[in-house]
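Residue numbers for the sequence shown, in my numbering: 8 to 601.
Cβ coordinates follow ideal geometry from the N, Cα and C atoms, glycine included.
What follows is a short report on a single structure.
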Amino acid sequence: MRCISVVVITGALVFSCAAAGQPQVSQTQVGQAQDGQAVVRQEADDSAQRFRVLRRDYIRRNWDSHPIKAATAGLHQYDGMSPDFSMAGIEAWLTYNKEVLLRLREIDPNRLAAEDQLDRDILIYACGNVIFELEDLAAHRTNPSFYNTISDGLLSYISRDYAPLAVRMSRAVQLLGGVPRAFEQAKANLNGVIPQAYVNTAVENIEGSIKFFQKDIIAAFAEVKNEKLQANLRKSANAAAQATSRFVEHLKSDKLPKADGNFALGREKYRRMMKLTEGVDLTAEQLLAVAEQDLQRNLARVRAIADSHFDGISAADLMARMSSNMYTAEELIPNIRAELGTIRQFLVDQRIVTLPSPLEPLVAETPPFMRWGFAFLSAPGGFEALADQAYYYVTPIEPHWTAQEQREWLEVFNKYVATNTSVHEAYPGHFVEYLHTRNAPSDVQKIFRSYAAEEGWAHYCEEMMIEQGWGSHDPMYEVGMLQDALLRNCRFVCSVKMHCSGMSLEEATQFFMANTFYGRKPAAMEAVRGTFDPGYLKYTVGKLQIMKLREDYRKKLGRSFTLQKFHDELLSHGMPPLDVTRRRLLGPDAGPSL
């Protein structure tokens, strides 16, 4: 019998097996092996140390550069701090990210522990996002909305009870004080021709902050019985409102007359966007083929439902019939609240995904100063130690609206779309993802998130729930899911075509109208969004990446595969780019994610 010589080095122990006629391992050879292993261990230790120092420094510099994000994440030592929007500050952050990216790529991932390897991969994409935003998009030079962050930062002081209201109020006063400087820096930086769609969108959004500063934030802290603090708040809020008004007027009088329609990234930058930020390296033609194939899949399913359940009526009539199943204004929020528990129980009964915490989102009316959409989840940051309540905000009709406006709102937000929204925002979408991410093994995994992974997960959940039998007693639940899927399909197609093939805003608007069955106003709004948010194709990209990963993971695990196991594994390390998750679950030779 052949005996193969084996040398196993563990600390100071050396084991060998030699048969007659086989060469003996000399002490010199053993020493050389020990020296070689020592060198490898030393190089691994050096790589690990260099990476951990770099990771720690990057996290600190990230928070220092984005204090509002840090405070919102639950790091309240950053409360009240405003970002540095000076050109020098922005360019220093860009330069630093380029340097870090080079240093990360110089570190051999095979010499890192598994969790450090994962963090390294995530940080490479984090740097890629910064480089694309500041170098390729040059958002600080071309998009006025880049600077509209302070009003968003104030929301956490209002909605998160991590400290007494008076304490949060004093920090809001401090943050308001940064508004004038931020907009003065914005004026200096926005020194070229800006796309018209960018200016119009920024004017609309930033004008909303004026009312927020003048009225809403004052009302939010009205119960604090401290006259000096109230006076400081009124003074700071008034100064912020005036600075915001001046900036809006600057956009209208100086930027809008010079604005043009040149928003398109072009093929090279578009491909770079997907590669740098998500690890998807496809041409515009390849992406468009994927987009159109999924659009046709969903349109075919709509036609099949119309034929099998509704006597072959048109897709437009089917959508109109769905819209007529609406809640009254009084029913809207109570019914969404009641149904949420039913959806949650469905997840448990069907073993779809683990719920790692008994926490539940609180369904509530969207606060008046946040009513820019139908519904959304507001979850605490990953480092929030005290205020762990998440809010699922649902926007009611406004009493000052006309009867027609109220009816249109309730028709669009009909009972089936409302259910699909709850699946997306709460169970098993964003809220369940939040519960898992807060338990992620490292700070990097809690902080840095992929647009495609985060929105792709929530969008994937909509179709997955239908697959698992949710709403099977009523085909309209699937129709509601499909209308939202068609919306995301159109975003995918129009993003590629507007930025790579010269599709106009009017052509994009018509495309949305024809394939989502929306009216002109919401279709036009979706088209405009694609000019400044080319990444909104990532809802569908992420969904398709997850569906492909699920099938490949099923093949790998065979009989041991369960849907719950897959979902739990997918969510267990935060929401990094799905290219990273794919390699984690399938190995280094996993192949492309899309």
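- According to the DSSP secondary-structure assignment, Phe383 is paired through a beta bridge with Tyr400.
- The alpha helix (DSSP H) runs lying completely inside the segment 553-584 and spanning 4 residues or more are 570-578, given in chain order.
- Boundaries cannot be given for Val360, as no alpha helix (DSSP H) includes it and DSSP labels it neither H nor E.
- Val451: member of the alpha helix (DSSP H) spanning Asp450 to Ile454, first to last residue.
- Spatial neighbours of Tyr423 in its own chain (CB-CB distance under 6 angstroms, excluding positions within 5 residues in sequence) are listed in chain order as Met329, Met483, Tyr484 and Gly487.
- Around Ser158, the same chain offers Ser216 and Phe219 as residues with beta carbons nearer than 6 angstroms, after the five sequence neighbours per side are excluded.
- Residue range Leu172 to Leu183 is occupied by the alpha helix (DSSP H) that includes Leu183.
- Rounded to the nearest angstrom, the gap between the Cα atoms of Pro264 and Asn150 is 15 angstroms.
- Contact annotation: Ser502 and Pro541 have beta-carbon atoms nearer than 7 angstroms.
- Put simply, of Ser429, Phe58, Asp356 and Leu325 the residue whose alpha carbon is nearest the alpha carbon of Thr523 is Leu325.
- Residue pairing by DSSP places Glu372 opposite Val401 in a beta bridge.
- Linking Thr361 to Asp575 through their CA atoms gives a straight-line distance of about 6 angstroms.
- In the three-state reduction of the DSSP assignment, Pro202 falls in the strand class, which pools E and B.
- Remark: C-beta atoms of Arg308 and Leu489 approach each other more closely than 7 angstroms.
- Asp267 carries a strand assignment under DSSP once its states are collapsed to helix, strand and coil.
- The three-state secondary structure of Arg148, taken from DSSP, is helix.
- Annotation for Asn305: the continuous alpha helix (DSSP H) segment containing it runs Ala291 to His316.
- Counting C-beta pairs with one atom in each stretch, the segment 332-347 and the segment 415-429 have three or more that are closer than 8 angstroms, which means they touch.
- Taking all protein chains shown into account, His480 has fewer than 16 neighbouring C-beta atoms within 10 Å of its C-beta and is therefore exposed.
- The Cβ atoms of Ala394 and Asp168 sit closer than 7 angstroms to each other.
- A distance of 7 angstroms or more separates the beta carbons of Ala266 and Ile213.
- Counting other Cβ atoms within 10 Å of its Cβ, Thr547 reaches 16 or more and is therefore classed as buried.
- By the Cβ-count criterion, Met532 is exposed, with fewer than 16 other Cβ atoms from all chains shown falling within 10 Å of its own Cβ.
- By the criterion of at least three beta-carbon pairs nearer than 8 angstroms, the segment 222-236 is not in contact with the segment 555-573.
- Pairing Ile114 with Glu470, the inter-Cα distance amounts to about 40 angstroms.
- Here the C-alpha atom of Glu367 lies approximately 8 angstroms from the C-alpha atom of Gln396.
- Per DSSP, Met281 is one residue of the alpha helix (DSSP H) stretching across Arg274 to Glu285.
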